[in-house]
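J.:
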Amino acid sequence: MSATTKIALTTRAADLKNTTDDALPNYLHSLKFKQIHTHTDVRLVLGYSAVIIAGTLFYFDWKFGWEATKAYTAPAVVAYFVLNSVFTYWIWFVEAGCVFEGEGKTGKIRIASSTDKHIPIYKCDVTFTPAPYSSNPQQKLKIRAPFTRWFTADGYFVAKPFQQWLASEVPVVGAADPNNVIEEIGRGSETERVLNVTGNNAIDVLEQLKAGAKAGGGSSRRRK
Numbered sequence: 322m323s324a325t326t327k328i329a330l331t332t333r334a335a336d337l338k339n340t341t342d343d344a345l346p347n348y349l350h351s352l353k354f355k356q357i358h359t360h361t362d363v364r365l366v367l368g369y370s371a372v373i374i375a376g377t378l379f380y381f382d383w384k385f386g387w388e389a390t391k392a393y394t395a396p397a398v399v400a401y402f403v404l405n406s407v408f409t410y411w412i413w414f415v416e417a418g419c420v421f422e423g424e425g426k427t428g429k430i431r432i433a434s435s436t437d438k439h440i441p442i443y444k445c446d447v448t449f450t451p452a453p454y455s456s457n458p459q460q461k462l463k464i465r466a467p468f469t470r471w472f473t474a475d476g477y478f479v480a481k482p483f484q485q486w487l488a489s490e491v492p493v494v495g496a497a498d499p500n501n502v503i504e505e506i507g508r509g510s511e512t513e514r515v516l517n518v519t520g521n522n523a524i525d526v527l528e529q530l531k532a533g534a535k536a537g538g539g540s541s542r543r544r545k
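Quick note: the sequence shown uses this note's numbering, first residue 322, plus one each step.
(1) Please state if the CB of R364 and the CB of F414 are separated by a distance shorter than 8 Å.
(2) For D336 and T450, I'd like the C-alpha separation in whole angstroms.
(3) Applying the 10 Å Cβ sphere with the 16-neighbour rule, what's the burial state of I432?
(4) Helix, strand or coil: which one does DSSP assign to E504?
(5) Mind checking whether I442 and T436 have CB atoms under 8 Å apart?
(6) Could you give the DSSP three-state label for Y454: helix, strand or coil?
(7) Is it buried or exposed for W471, if we count other Cβ within 10 angstroms and need 16 for buried?
(8) Could you please give me the residues that DSSP links to L462 through a beta bridge?
(9) For G386, list the residues DSSP reports as bridge partners.
(10) Counting along the chain, where does the alpha helix (DSSP H) carrying G495 start and finish?
(11) What are the boundary residues of the beta strand (DSSP E) that D475 is part of?
(12) Are Y427 and A488 close, meaning C-beta to C-beta below 8 Å?
(13) Can you grab the Cα-Cα spacing for the pair V398 / V372, in whole Å?
(14) Below 8 Å on the Cβ atoms is my contact criterion, and I expect E422 with Q356 to pass it. Report the Cβ-Cβ distance as a whole number of Å.
(15) In three-state DSSP terms, what is G423?
(16) Relative to the C-alpha of K481, which residue among K338, L345, A334 and R333 is closest?
(17) Tell me which residues share the same chain as V491 and place their Cβ nearer than 6 Å to its Cβ, disregarding the 5 neighbours each side in the sequence.
(18) Hey, how far is the Cα of N457 from the Cα of L404?
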């Protein structure tokens, strides 16, 4: 993917995040990760149900008048607010910023992204289970990097360095795209990695991928 999306680097971190969020599923789809839409489906059902209740109540009130519909108004209003409350809870505490959840040949993965206000750092909470699932526990990583790693000085988003960062930090992505694994990424203060106490082999797998990339020659080195 070429540098085709332009955003001023002085703009809000949220706008930089949104552009990066859009690129993340596209990259994983290109690696044959199949997205799981359960969270989106539940959110749509909750949202549309609340809208249908509100619209139906309005229609019958307009068509038949208050006297004919007042017995149904209170239950409908209660149902509407309950659905909206569940909808809000679902977005904030269940989806919790999830950008992608899916499964590929190398394992399952869930990525939730976030930024802090006025701080142009892209933060991802990654939950993954390498294949085969019977012998690999679920593991978690926290990774972060500045947006300037994949946005040019002119404000264009460039996919390649973003893909290299993600492949170099997340083992199941690196296993699916070893050509984008770069040894140096993740060694500096810009990127933080935290391994869940239940995962014992994630970093080992990633280091093996990086070692293989280094052995492959100059094509695996990061451009200066």
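Built from N, CA and C at the ideal position, the CB exists for glycine as well.
T.: So, from the listed chains and residues:
(1) no
(2) Straight-line Cα distance between these residues: approximately 30 Å.
(3) buried
(4) coil
(5) Yes; because the gap between Cβ atoms is below 8 Å, this pair is in contact.
(6) coil
(7) buried
(8) Beta bridge pairing from DSSP links L462 with V447.
(9) Answer is none; G386 lacks a bridge partner.
(10) P492 to A497
(11) Taken as a continuous stretch (DSSP letters only), D475 belongs to no beta strand (DSSP E), as it is neither H nor E.
(12) Residue identity differs from the one stated: residue 427 is Thr in this sequence, not Tyr. Contact: no.
(13) Going from the Cα of V398 to the Cα of V372 covers about 11 Å.
(14) With a Cβ gap of about 7 Å, E422 and Q356 count as contacting.
(15) strand
(16) L345
(17) By the criterion of a C-beta distance shorter than 6 Å, V491 is surrounded in its chain by V447, once the five residues flanking it on both sides are discounted.
(18) 38 Å
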